[in-house]
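A.B. asks: 2 is the number of the first residue of the sequence shown in my numbering; add one for each residue after it.
Every residue gets a Cβ at the ideal spot worked out from N, C-alpha and C, and that includes glycine.
Take this structure, written in structure tokens, and hold onto it; I'll ask about it next.
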Amino acid sequence: MVDLSREERNYQKRRRARRRRLKRRRAMLISVMVLLLLLFIWGIVSLVRAVFFREPVDPASIVMPDWVDVQLLDINPYSRPGTPLETINGIVVHYTANPGTTAQQNRNYFNSLAEQNGESATSVSSHFIIGLEGEIIQCIPLSEISYASNDRNGDTVSIECCHPDSSGKFTDATYSSLVRLCAWLENQLDLNERSLLRHYDVTGKLCPLYFVEHESEWNAFKEDVAEKRKDVS
Ligand SMILES: [Zn+2]
Numbered sequence: 002m003v004d005l006s007r008e009e010r011n012y013q014k015r016r017r018a019r020r021r022r023l024k025r026r027r028a029m030l031i032s033v034m035v036l037l038l039l040l041f042i043w044g045i046v047s048l049v050r051a052v053f054f055r056e057p058v059d060p061a062s063i064v065m066p067d068w069v070d071v072q073l074l075d076i077n078p079y080s081r082p083g084t085p086l087e088t089i090n091g092i093v094v095h096y097t098a099n100p101g102t103t104a105q106q107n108r109n110y111f112n113s114l115a116e117q118n119g120e121s122a123t124s125v126s127s128h129f130i131i132g133l134e135g136e137i138i139q140c141i142p143l144s145e146i147s148y149a150s151n152d153r154n155g156d157t158v159s160i161e162c163c164h165p166d167s168s169g170k171f172t173d174a175t176y177s178s179l180v181r182l183c184a185w186l187e188n189q190l191d192l193n194e195r196s197l198l199r200h201y202d203v204t205g206k207l208c209p210l211y212f213v214e215h216e217s218e219w220n221a222f223k224e225d226v227a228e229k230r231k232d233v234s
């Protein structure tokens, strides 16, 4: 009798121990599953944020490199209204449509618009102008709007490019500087390749003419910018 009850007690003991082990295992399994679920949710949320909710860069925080010649326009209603540009979502490329003119001449023209008065006043400008020799003049700070890209003035940076003739084709020097500036801006502003636009993409205007008439050249240009982003400084 004594032996049996001892066996019974041992049996009960082992059962309890087994139950405790099972309970512990189950609790551990549930913890791991909850942890994996939380990791999964965190991953999805991060992915959605990265893809759809880019943290915009404050344009005012960007310092221009020494290869940009900063010649800001005087603040005036016709070319530099001083309106804040808080978020930059795109870069719009233009051509001057004025063959043979230099970056300096175009910059001075924008600045001379300040002298206008009357009803037939012209309002036009651009953040940057790239000259025939590849020189880059900045006319307007990145933290202010320019008058270049119609509906997109409020969230884009504009770049005017000089060209030697009516075909609108850029010189190699202008082209290289444009690639460099766009790559640098995209890196600084944390923009992706979809941010590159022609004025044509905004309004249908034939600007920049050569890139509108030669779609493949425009696509090649975008590829050159993507490549340049790896080592632009
Ligand atoms: Zn244009």
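Within the same chain, show all residues whose beta-carbon is closer than 8 Å to that of leucine 75, passing over the 5 residues directly before and after it, in chain order.
C.D. replies: Checking the sequence, you will find aspartate at residue 75 rather than leucine. Contacts found: Arg81, Asn112, Ala115.
A.B. asks: Can you list the residues near ligand 1, meaning Cβ strictly closer than 5 Å to any non-hydrogen atom, in the order they appear in the chain?
C.D. replies: Going along the chain, the residues that qualify are His95, His200, Cys208.
A.B. asks: Compute the beta-carbon to beta-carbon distance between glycine 91 and threonine 157, rounded to the nearest angstrom, for a pair I have assumed lies under 8 Å.
C.D. replies: Right, their Cβ atoms sit about 4 Å apart.
A.B. asks: Quick one: Cα of lysine 206 to Cα of isoleucine 160, how far?
C.D. replies: Distance between the alpha carbons of lysine 206 and isoleucine 160: 15 Å.
A.B. asks: Check for me: the beta strand (DSSP E) holding serine 234 runs from which residue to which?
C.D. replies: Note, serine 234: premise wrong, no beta strand (DSSP E); not H, not E.
A.B. asks: Excluding the five sequence neighbours on either side, which residues of its own chain have a C-beta within less than 6 Å of the C-beta of histidine 128, listed in chain order?
C.D. replies: Ile141, Ser147, Val158, Ser159, listed in sequence order.
A.B. asks: Checking the sheet assignment: what are the DSSP bridge partners for arginine 199?
C.D. replies: Looking at the DSSP assignment, arginine 199 forms a beta bridge with Val94.
A.B. asks: Relative to the C-alpha of serine 234, which residue among Trp219, Glu216, Asn188 is closest?
C.D. replies: The option with the nearest alpha carbon to serine 234 is Asn188.
A.B. asks: Report buried or exposed for valine 180, applying the criterion of at least 16 other Cβ atoms within 10 angstroms of its Cβ.
C.D. replies: Buried, because 16 or more other Cβ atoms sit within 10 Å of the Cβ of valine 180.
A.B. asks: Within the same chain, show all residues whose beta-carbon is closer than 6 Å to that of aspartate 70, passing over the 5 residues directly before and after it, in chain order.
C.D. replies: Hits under 6 Å: Ile138.
A.B. asks: Just to confirm, are tyrosine 96 and leucine 182 a CB contact at a threshold of 9 Å?
C.D. replies: Contact flag unset, no.
A.B. asks: Under 8 Å Cβ to Cβ from serine 168, same chain only, skipping five residues before and after it: list those, please.
C.D. replies: Correct list, in chain order: Leu210, Tyr211.
A.B. asks: Which of the three DSSP states, helix, strand or coil, is assigned to threonine 157?
C.D. replies: Correct three-state label for threonine 157: strand.
A.B. asks: CB threonine 204 to CB asparagine 154, shorter than 9 Å?
C.D. replies: No, the pair does not count as a contact, with Cβ atoms beyond the cut-off.
A.B. asks: Let me make sure I understand the geometry here. Which of Glu224, Tyr79, Asp202 has the alpha-carbon closest to that of glutamate 214?
C.D. replies: Cα-wise, what sits closest to glutamate 214 is Asp202.
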